[in-house]
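>
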Amino acid sequence: MNVKLKEKISESLAAVLPITGIVLMLSIFLIPMELGSVVMFLTGAFMLIIGMGFFQLGAEMAMTPIGEGVGVQISKMQKLLTVLLTGFLMGVIITVSEPDLQVLAGQVPSVPNAVLVFTVAVGVGLFLALAIVRIRYKISLSMLLIICYLALILVSMFVPKEFLAVAFDSGGVTTGPMTVPFIMAMGVGLASVRSDKNAANDSFGLVALSSVGPILAVLILGCFFKPTEAAYSLTDVATVVTTQDVARVFSQGLPLYAKEVLLSLVPILWVFLIFQWFTKRYHGLQVKRIIIGFGYTYVGLVLFLCGANIGFAPVGAYLGKELAGVPFRWILVPIGALIGYYIVKAEPAIQVLNHQVEAVTNGAISVKMMNRCMQIGVAASVGLAMLRVLTGISIQWFVIPGYLIALVLSRFVPDIFIGIAFDSGGVASGPMTSTFLLPLSIGVCEALGGNLMTDAFGVVALVALTPLIAIQLMGLVYKLKTAGRVHPVPAAIADDCDMIVDLEEGE
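Each step along the sequence shown adds one to the number in the numbering used here, with nothing skipped, and position 273 is 1505.
Written as structure tokens, this is what we have:
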């Protein structure tokens, strides 16, 4: 086996095992599951591990170099209009290729799928162009985010409450496994041609701004469409008796996801071929490596999505329904927090972001530190999501104060932590959130007889919110620990690597 692939699969194994163990413990001590359901879940977990390993290697070999190359080329363009059009087209193409967007389109009733997909893609394209202009002209990310999120909060005041949760969910869903590696690499490429001290800081933030576009787009749609119920339908765990039944169920699903991922990858492949045709940026061996990387990405996403949707999602819905029936319903909050703490490491794009952060900061902000902050943030968000389902509290009471806290923090933390924090929100809310946490929330809501549109949806939005606060708090602690130093932040981070690792271990 390829040594690098073996390393990636080992990382995936460490990421997926904890959440698998939690579900098994729940099935033994609290919510009994049929043996066939357990076998389906374990098969899905195995596919997740292998798929995540292939995907991470594929993203490293293909998505990252293409994104960086496109970013470098855009930074060399002289005309602002050309820069804006290129950024807009990249945003539209990458968004349309995102598999999770089709899931979102099926969840929003009363809005034609094509209308929603086109609107969200335009939203991402416009804000990706804005993000590129920000890097080009060195505009403050903090100020731009404050303006954008205040605009979101203002627009949300005029949108029907049934539409709010889905709208805020859309920001996390559309920045998924296809979008994130490419856009993050673009940021590195755009900033790499700059030699100023803030270049490393500005390499982050593209995902953050690109996540605003879908939310605003769906909020605006909500002013014209009046949905009253969710279109999301939960899938029951397949009934299996023999190992042949298990193989049959997954083999029936594989062609569907193989076609879906193929359609998603084709636009990005065309971008690469056209880019290479005009720029001749990559030599023969690099082209070969990128093509092989596309193959790894394809295999990885097919296995991952098949395992998540067929093995994990039905179990999530089943657990939600059964947990809602236990005598002490409030136990859902700590159980949700525990699931959130461990499930975030199984998001495929999380490790891509964490490794990029470690590389850009020369190891000062380690993968371990990023994982710790993300886990704490997502644990809080899933706990709050379960609280919402139990009480019916409006998503606005969580999202608006949460974003205001995050925006206030952005005025006090080092710039590099702002970009990393707001990028992490979009990355954390990926396919594992939509295929396990959302069905879990919907299962609880259905069992309690709640309103799916107002109570169950919103878990993705909360998962996208809390890392913004957690990582900026880490940045605030870092700033306090390094108070009085005169180095610019990236240099200080590199010089004080030992200190911040000690800080992490002390936590």
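Each residue gets a CB set at the ideal place from its N, CA and C atoms; glycine is no exception.
The structure presented is a predicted model; accordingly, all values stated were derived computationally and were not measured.
Pairs of beta-carbons, one from the region 1497-1509 and one from the region 1267-1286, closer than 8 Å: are there three or more?
No, they do not touch.
> Go through its chain and collect everything with a Cβ distance to V1718's Cβ below 6 Å, but skip five positions before and after it.
As a working mapping, residue 1718 is identified with position 486 in the sequence shown. Residue confidence is low: V1718 scores 42 on pLDDT, short of 50, so the model does not pin down where it sits. Its coordinate-derived value is still stated next. Around V1718: no qualifying Cβ.
> Does DSSP put G1609 in a helix, a strand or coil?
For this step, residue 1609 is matched to residue 377 along the sequence shown. Note: G1609 maps to helix in three-state DSSP.
> With the cut-off set at 8 Å, would you say M1617 and L1700 are in Cβ contact?
Here residue 1617 corresponds to residue number 385 of the sequence shown, with the count starting at 1. Here residue 1700 corresponds to residue number 468 of the sequence shown, with the count starting at 1. Met is not the amino acid found at residue 1617; the sequence shown has Ala there. No, they are not a contact pair.
> Do R1368 and S1269 have their CB atoms nearer than 8 Å?
As a first step, residue 1368 is located in the sequence shown; it is residue number 136 there, counting from the start. As a first step, residue 1269 is located in the sequence shown; it is residue number 37 there, counting from the start. Going by C-beta atoms, R1368 is not nearer than 8 Å to S1269.
> Should the region 1545-1552 be regarded as contacting the region 1662-1672, the criterion being three or more beta carbon pairs within less than 8 Å?
Yes, the region 1545-1552 touches the region 1662-1672.
> V1398: which of S1626, A1246, L1680 and D1647 sits nearest, CA to CA?
Locating residue 1398 in the sequence shown gives position 166, counting from the first residue. Measuring from the Cα of V1398, the nearest candidate turns out to be S1626.
> Leaving aside the five residues before and after C1538 along the sequence, list all residues of the same chain whose C-beta is less than 7 Å from its C-beta, in chain order.
The residue you call residue 1538 lines up with position 306 of the sequence shown. Within the same chain, C1538 has close Cβ partners M1279, F1482, G1485, L1486 and Y1489.
> How would you call M1389, buried or exposed, if buried means at least 16 neighbouring beta carbons within 10 angstroms?
Stepping through the sequence shown from its first residue, residue 1389 is reached at position 157. It counts as exposed.
> Verify whether the separation of the beta carbon atoms of Y1646 and G1572 is less than 8 Å.
On the sequence shown, position 414 is the one that residue 1646 refers to. On the sequence shown, position 340 is the one that residue 1572 refers to. According to the sequence displayed, residue 1646 carries Pro and not Tyr. It is not a contact, given that the beta carbons lie outside the stated cut-off.
> Report the rounded CA-to-CA distance for I1298 versus F1414, giving the unit in angstroms.
Here residue 1298 corresponds to residue number 66 of the sequence shown, with the count starting at 1. Here residue 1414 corresponds to residue number 182 of the sequence shown, with the count starting at 1. The straight-line gap from Cα to Cα measures roughly 7 Å.
> Once the 5 residues before and after G1657 are set aside, which same chain residues still bring their CB inside 6 Å of it?
Looking up residue 1657 in the sequence shown gives position 425. Within the same chain, G1657 has close Cβ partners A1696, P1699 and L1700.
> Determine the DSSP secondary structure at S1388, reduced to helix, strand or coil.
For this step, residue 1388 is matched to residue 156 along the sequence shown. S1388: helix per DSSP, three-state reduction.
> Taking C-alpha atoms, which residue in M1322, L1360, T1407 and A1417 lies nearest to C1380?
As a first step, residue 1380 is located in the sequence shown; it is residue number 148 there, counting from the start. The shortest C-alpha separation from C1380 is found at L1360.
> By DSSP, does L1237 sit in helix, in strand, or in coil?
Against the sequence shown, residue 1237 aligns to sequence position 5. Note: L1237 maps to helix in three-state DSSP.
> Once you ignore the five residues that flank P1663 on each side, which residues in its own chain have a CB closer than 8 Å to its CB?
Position 431 of the sequence shown, counting from 1, holds the residue named residue 1663. Closer than 8 Å at the Cβ level, and outside the excluded window around P1663, lie P1331, D1332, G1408, P1409, F1536, L1537, A1540, E1579 and P1580.
> Can you tell me whether T1252 is buried or exposed, with buried defined as 16 or more other CB within 10 angstroms of its CB?
Numbered from its first residue, the sequence shown carries residue 1252 at position 20. It counts as buried.
> What do you get for K1240, buried or exposed, if any count of 16 or more other CB atoms within 10 angstroms of its CB means buried?
For the purposes of this step, residue 1240 is taken as the residue at position 8 of the sequence shown. Buried: at least 16 other Cβ atoms inside 10 Å.
> Measuring CA to CA, which of V1365, I1326, F1286 and M1265 is closest to Q1310?
Locating residue 1310 in the sequence shown gives position 78, where the first residue counts as 1. Comparing Cα positions, the closest option is V1365.
> Along the chain, which unbroken stretches of the alpha helix (DSSP H) at least 4 residues long are found entirely within the region 1364-1425?
Listed in chain order, the complete alpha helix (DSSP H) runs (minimum 4 residues) inside the region 1364-1425 are 1373-1388, 1393-1405 and 1411-1424.
> Using a threshold of 8 Å, state whether the C-beta atoms of F1395 and I1447 are closer than that.
Position 163 of the sequence shown, counting from 1, holds the residue named residue 1395. Position 215 of the sequence shown, counting from 1, holds the residue named residue 1447. No. Outside cutoff.
> If you draw a straight line from the C-alpha of G1624 to the C-alpha of A1363, how long is it?
Sequence index remark: in the sequence shown, residue 1624 carries index 392 (1-based). Sequence index remark: in the sequence shown, residue 1363 carries index 131 (1-based). Going from the Cα of G1624 to the Cα of A1363 covers about 36 Å.
> With burial defined as no fewer than 16 other Cβ atoms inside 10 Å of the residue's Cβ, what is the status of R1620: buried or exposed?
Position 388 of the sequence shown holds residue 1620. Counting Cβ neighbours within 10 Å, R1620 comes out buried, since at least 16 surround it.
> Please state if the CB of I1371 and the CB of L1639 are separated by a distance shorter than 8 Å.
Residue mapping note: residue 1639 aligns to position 407 of the sequence shown, counting from 1. Residue mapping note: residue 1371 aligns to position 139 of the sequence shown, counting from 1. For L1639 and I1371, no; Cβs fall outside 8 Å.
> When DSSP labels each residue in this structure, what does M1265 get in the three-state scheme?
The residue you call residue 1265 lines up with position 33 of the sequence shown. If DSSP states are grouped into helix, strand and coil, M1265 belongs with coil.
> Among E1292, S1402, S1259 and S1244, whose alpha-carbon lies nearest the alpha-carbon of G1527?
Translated into positions along the sequence shown, residue 1527 becomes position 295. Closest option to G1527, Cα to Cα, is E1292.
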